[in-house]
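For the sequence shown, our numbering begins at 544 and goes up steadily by one.
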Amino acid sequence: MKKLHIKTYGCQMNVFDSDRMQDLMTAVGYETTDEAKDADMVIINTCHIREKASEKLFSDLGRLRPFKDEKKQSGSEMIVAVAGCVAQAEGEEIFKRSKVVDIIVGPESYQTLPDLVGKVLRDKKRQINLDFTPNDKFDLLPESSAGTGASAFVTVQEGCDKFCTFCVVPYTRGSEYSREEKKIYDDALRLADKGVKEIYLLGQNVNAYHGLDEKGQSSSLAKLIEKIATIPQIERIRYTTSHPRDMSDDLILAHTNIKKLMPFLHLPIQSGSNNILKAMNRKHSRQDYFKIIENLRKARPDMGLSSDFIVGFPTETDEDFEQTMDLVRQVGFTQCYSFKYSPRPGTPAADAKMQVAEDIKDARLAKLQKLLTEQQITFNKKFNNAQMPVLFEREAPKSARYNGEKIQLWGKSPWLQSVIVEVGDENEAQKYLGKIAQVKILHARPSSLVGEII
Ligand code: 5AD
Ligand code: SF4
């Protein structure tokens, strides 16, 4: 077997894509290794959403250079492929800047990877494929080998037509594409047969899902969830990432009617100021967001909410920023992601004249993150002494155990908190791994809960 090393940056979609690339290469005789050093092939799956993406890529490539040279001296070869959104955005430039790279492949064309590897080996020529062929992609990908775990991703939708003025996704992932309902259902069924208990539906705009149903009509995310919920072995369903504009009434209602749908939603708003939302081309206001939250909480009173925020978007004033702080205080989030605005080449906001100074961005980010952390701690503390069902996903590595030698299991709460429990021995660990068990929370930490199995 040849050895394959994959390094993944970015979102869950990239994690999913890396797994698929691994499946593709396994089918042609590669096995994975954690070490890049003596790999026969290295894939760097890149993310372009925020800054330093290409710097990171080129420093990774620099580190690979001596390994590649060594490989050559010993009479064999190391193929280096750059995949993902930086590959899509920078294309041939990457060949120009780095001699190490043999293959450039985009997020919508990586199904051709084995073919490209074959051509590199045979023709001794660099290969590039940046086509947008999502339809082909899903049909040509081998069955996913993921799913030996408790939770598995299933891509339902890719790309984005919304063109927020800060975002590269519409350019790197292309326009919106939804897979057929039946294909997604079949994937979920297959994963359920392998023991998967939780299906995580993925899409850049997952709630814009409108794939065809078996009658050839446009379905919706709510209908798709309802269908997957009929699979008895699937006990939990989640979806991400949603856009407020597509938070339809039937999807909100699904949170009341479908008990398998977890009471947690990641719903990025980006800013609490209407001026900024407009400049971002978000197509929703802060009032729209409040209304959605109100409806979601009516549908599911214990709903946990998370969001993404960007501070220091061009033209953002102190007043705009205070609107964001105010929105956060009013909503009350469980855990969030927040970023300083980073101009992305080719996006409209990158050319805006009124960029915000870096020190102001730093100060705003620190202030916002302090508030978000306080909210996260408050949310977690609510669960002290509470009981909840936890899906146990894996054993904690020895180095991460919080005390002594006892085996610890890592799981997820319905609200996506990490839950850690101790078990007596390996037999007990195996009994709970991949299953849902009732846990009593003993101690809430800022970003996890410690409990005991009841
Ligand atoms: N600058 C900063 N953050 C960004 N995001 C997307 N583009 C940018 C950018 N140019 C953030 C958004 C998005 C998350 C995935 O990344 O908050 O929701
Ligand atoms: Fe980017 Fe906006 Fe599309 Fe989300 S909705 S992927 S932020 S353009």
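Heads up, the beta-carbon is just placed ideally off N, CA and C, and yes, glycines get one too.
Fair warning: this is a prediction, and the values are worked out from it, not measured in the lab.
What residues match up with residue i in a beta bridge as DSSP calls it?
i    : result
K624 : Just to set this straight, residue 624 is Ala in the shown sequence, not Lys. For A624, which the question treats as bridged, DSSP gives the partners I586 and I646.
R937 : W953
F856 : The partner list for F856 (beta bridge, DSSP) is empty, contrary to what the question assumes.
K550 : I587
E701 : Y720
K883 : V854
H986 : V993
Y743 : F696 and R781
Y573 : K545
G847 : F807
M931 : V982
E969 : None, per the DSSP bridge assignment.
I671 : I647
S763 : In DSSP, S763 forms no bridge with anything.
A749 : Strictly speaking, residue 749 in this sequence is Val, with Ala absent from that position. DSSP, once it has assigned bridges, lists no residue as partnering V749.
So residue i and residue j are in contact, right, with Cβ under 8 Å, and what is the actual spacing, rounded?
i    : j    : result
E719 : G702 : 5 Å
A596 : V629 : 5 Å
L911 : M868 : 7 Å
S991 : V962 : 7 Å
V749 : V699 : 6 Å
I647 : V663 : Going by Cβ atoms, the distance from I647 to V663 rounds to 11 Å, so no, they are not a contact pair.
E969 : I950 : 7 Å
C879 : F852 : 7 Å
S762 : L755 : 7 Å
A772 : L794 : That belief does not hold up - the Cβ atoms of A772 and L794 are roughly 13 Å apart, past 8 Å.
F675 : E651 : 5 Å
Out of the options, state which residue places its alpha-carbon closest to the alpha-carbon of residue i.
i    : options                   : result
A731 : S763, G815, C707 and E769 : E769
I920 : I996, V899, R788 and G875 : G875
A939 : L914, Q973, T916 and Q918 : Q973
P888 : T783, S785, P713 and K639 : P713
M931 : G994, K883 and Y573       : G994
A751 : V644, L810 and K802       : L810
A735 : L767, A695 and K725       : A695
H986 : Q951, K941 and N927       : N927
L607 : A632, A579, I812 and F706 : A579
N800 : I780, T784 and D789       : I780
F935 : A980, D756 and K924       : A980
M621 : I819, V643 and S721       : V643
T783 : S814, L915 and C554       : C554
R669 : T877, D861 and D658       : D658
I592 : A929, S881, L794 and T773 : S881
N557 : L915, G649 and L604       : G649
R988 : E948, H753 and T916       : T916
Let me confirm a value: residue i is counted as buried when at least 16 other C-beta atoms fall within 10 Å, else exposed. Which label applies?
i     : result
R825  : buried
G690  : Low per-residue confidence applies at G690: pLDDT is 48, beneath 50, and the placement is therefore not dependable, though the value from the model is reported in the following sentence. Counting Cβ neighbours within 10 Å, G690 comes out buried, since at least 16 surround it.
D863  : buried
A624  : buried
L870  : buried
E633  : buried
D1017 : Given that the chain is displayed from residue 544 to residue 997, the structure contains no residue 1017 and the question cannot be resolved.
D560  : buried
A900  : exposed
F610  : buried
F706  : exposed
G717  : buried
R873  : Going by the sequence as given, residue 873 is Gln instead of Arg. With fewer than 16 Cβ atoms within 10 Å of its Cβ, Q873 is classed as exposed.
Determine, using beta-carbon pairs with one atom in the region 548-557 and one in the region 578-594, whether at least three such pairs fall under 8 Å. The region 548-557 vs the region 578-594: in contact.
Three or more beta-carbon pairs under 8 Å between the region 805-823 and the region 950-966, yes or no? yes
Do the region 828-839 and the region 878-886 meet, that is, are 3 or more Cβ pairs less than 8 Å apart? no
Give a yes or no on contact between the region 553-573 and the region 611-620, applying the rule of three or more CB pairs nearer than 8 Å. The region 553-573 vs the region 611-620: no contact.
With contact counted as at least three CB pairs below 8 Å, one residue from each stretch, are the region 814-828 and the region 850-866 in contact? Yes, the region 814-828 touches the region 850-866.
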